[in-house]
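Q: Quick one: this structure, given as structure tokens, is what I'll be asking you about.
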Amino acid sequence: MKIKEVKAIGLECPIEGWFLPTRTYVLVEITTDEGITGIGQCGTVGHPEIARIIDKRIAPLLVGEDPFDRPRIWAKLWDDPRVVLSWGHKGAEVYALSGIDIALWDIEGKACGQPIHKLLGASRSKIRAYSSHGDPEKVEEYKSRGFTAYKFGEWHGEPGNLTQIDRMVAKLRRAIGDEAALLFDGFQRYDLAKAVKVARVLEEYDAFFFEEPVLSYDFDSMAALAARTTVPLAAGEHQFTVREAADLILKGGIQYVQPEITNCGGITEAMKIAAVAESRGVKLCPHCGDSPVDVASMLQVVGAAPNAIFGEWQAALDYPMRWELLKEPIKVSSDGFIEIPTGPGLGIELDPKVVEKYRW
Ligand SMILES: [Mg+2]
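Here this note's numbering is used: the first residue of the sequence shown is 2, the next is one more, and so on.
Now the structure itself:
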């Protein structure tokens, strides 16, 4: 089998109540000479530059390659200055490589008639979901939808107002009950001193983890915080590839690692990150955006990784493209779990009419 065509697909849909006026995805479609097509997503948020990297820089290098040769293809792109020179193995270029890796896995699954998590070796058929960044006023609604775990954070305003945090977390704990998992995202907004104080509040309410308490690359502060609190720390959504994630796992004192599959280098890198984490007793709790292709990629990883514990589910983002893009949308079931798709590859099918409708 040979790769015949590689092209980026930019999608855009208006959204309300988000920090940008539109929600954008950059997908990548890889077509083979045997008629099998793989799909991947390049980054949680789609930027035109990523689409240009795919179309102008990566596509010409992939035509004629065997899609089963993922490691060789990765090495070829990783070592080529035409692909990785501008951002230096980070950012838009690794987002593009992530989508390529996911699409190649999708092709491999379709060619073998198996979902990706079965090719990797399956660990589970469903994963516990957590409701992420929902509206604190809508906890009852999330509970009624089946969630048993909830993540909130201080997304707006001056960071680190302890009275406000205490009030918010107390209210959330009361609303979700003692049994539910309460996760807190710091969005990298605190320095070490402030993070220690926030962690004290979170200890009081038995938080499940404290995510990105400090800057994502400040492993010294992360490790210092880990030594001073009983709340487990989580991070990893801003680390590119296993090289950066391994540093975080080995130096940052975290107990949960959170690669974003569409940013970190794709399914292959996410599985390597899971393996390094496993070697240190760290659990895999991937970051996941709201795009259905992102969710499907995350599900195939947690379906395989033995140390996966949660699937992130963006609870508040509501816009038509999210729900219309797949012929069969992925859902959280009434017990708060998400089934791992069992169809070949990613186990999803895009609706071509919807792709055309939202193409930018
Ligand atoms: Mg986060």
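Using N, Cα and C, we set each Cβ at its ideal position, and we do this for glycine too.
In three-state terms, what does DSSP make of Ala236?
A: Strand.
Q: Taking a contact to mean a Cβ-Cβ separation below 8 Å, would you say Leu184 touches Tyr151 in this structure?
A: Cβ atoms of Leu184 and Tyr151: closer than 8 Å.
Q: Should Phe188 be listed as close to ligand 1, given that the test is whether its C-beta is under 7 Å from any heavy atom?
A: For ligand 1, at least one heavy atom lies less than 7 Å from the Cβ of Phe188.
Q: Ligand 1 and His288: does the residue's C-beta get closer than 7 Å to at least one heavy atom of that ligand?
A: Yes, ligand 1 has a heavy atom inside 7 Å of this Cβ.
Q: Can Glu138 be considered in contact with ligand 1, in the sense that its beta carbon sits closer than 7 Å to one or more heavy atoms?
A: It does not: the Cβ of Glu138 is nowhere closer than 7 Å to a heavy atom of ligand 1.
Q: Below 7 Å CB to CB, which residues in the same chain sit around Phe220 once its five sequence neighbours on both sides are set aside?
A: Closer than 7 Å at Cβ, skipping near neighbours: Asp248, Leu249, Lys252, Gly253.
Q: Which ranges would you report for the alpha helix (DSSP H) in the region 208-256 if only whole runs of at least 4 residues count?
A: For the region 208-256, whole alpha helix (DSSP H) runs of length 4 or above, ordered along the chain, are 220-229, 242-252.
Q: If you check the beta carbons only, do Asp295 and Thr269 fall under 8 Å apart?
A: The answer is no: Cβ separation not under 8 Å.
Q: To the nearest angstrom, how far is it from the Cα of Gly348 to the Cα of Pro116?
A: Roughly 6 Å separates the two Cα atoms.
Q: Going by DSSP, what residue range makes up the alpha helix (DSSP H) through Lys198?
A: Where Lys198 is concerned, the enclosing alpha helix (DSSP H) stretches over 193-205.
Q: Where does Lys328 fall in DSSP's three states?
A: If DSSP states are grouped into helix, strand and coil, Lys328 belongs with coil.
Q: For Phe148, I'd like the list of residues in its chain whose CB is within less than 6 Å of its CB, leaving aside the five on either flank, ordered along the chain.
A: Once the five neighbours on either side are set aside, the close Cβ partners of Phe148 are Ser132, Gly337.
Q: Can you give me the Cβ contacts of Pro229 inside the same chain, cut-off strictly under 8 Å, excluding the 5 residues immediately before and after it?
A: For clarity, residue 229 is Arg in the given sequence; the question names Pro instead. For Arg229, where only same-chain residues beyond five positions count, the Cβ hits under 8 Å are Val197, Ala200.
Q: Looking only at its own chain, which residues have a Cβ that is under 8 Å from the Cβ of Tyr191, when we skip the five neighbours before and after it?
A: Excluding residues within five positions, the ones whose Cβ falls inside 8 Å are Pro160, Gly161, Val199, Pro214, Val215.
Q: Ile128 and Leu300: beta carbons closer than 8 Å?
A: Contact flag set, yes.
Q: Does the region 19-38 come close enough to the region 50-58 to have 3 or more Cβ pairs within less than 8 Å?
A: Taking 8 Å as the limit for Cβ pairs, the verdict is that the region 50-58 does touch the region 19-38.
Q: Quick one: complete beta strand (DSSP E) runs, 3+ long, within the region 155-185?
A: Whole beta strand (DSSP E) segments, 3+ residues: zero.
Q: Quick one: is the Cβ of Glu238 within less than 7 Å of any heavy atom of ligand 1?
A: Yes, the Cβ of Glu238 comes within 7 Å of a heavy atom of ligand 1.
Q: Does the distance between the C-beta of Glu213 and the nearest non-hydrogen atom of ligand 1 fall short of 7 Å?
A: Yes.
Q: Taking 7 Å as the limit between beta carbons, can you name the residues of its chain near Gln189, skipping five residues before and five after?
A: Closer than 7 Å at the Cβ level, and outside the excluded window around Gln189, lie Glu213, Val215, Leu216, Ser217.
Q: Under the three-state reduction of DSSP, which class applies to Thr269: helix, strand or coil?
A: Here Thr269 sits in helix by DSSP.
Q: Per DSSP, what kind of secondary structure is Val46 in: helix, strand or coil?
A: Correct three-state label for Val46: coil.
Q: Return the CA-CA distance between Cys286 and Leu234, expressed in angstroms with no decimal places.
A: About 11 Å.
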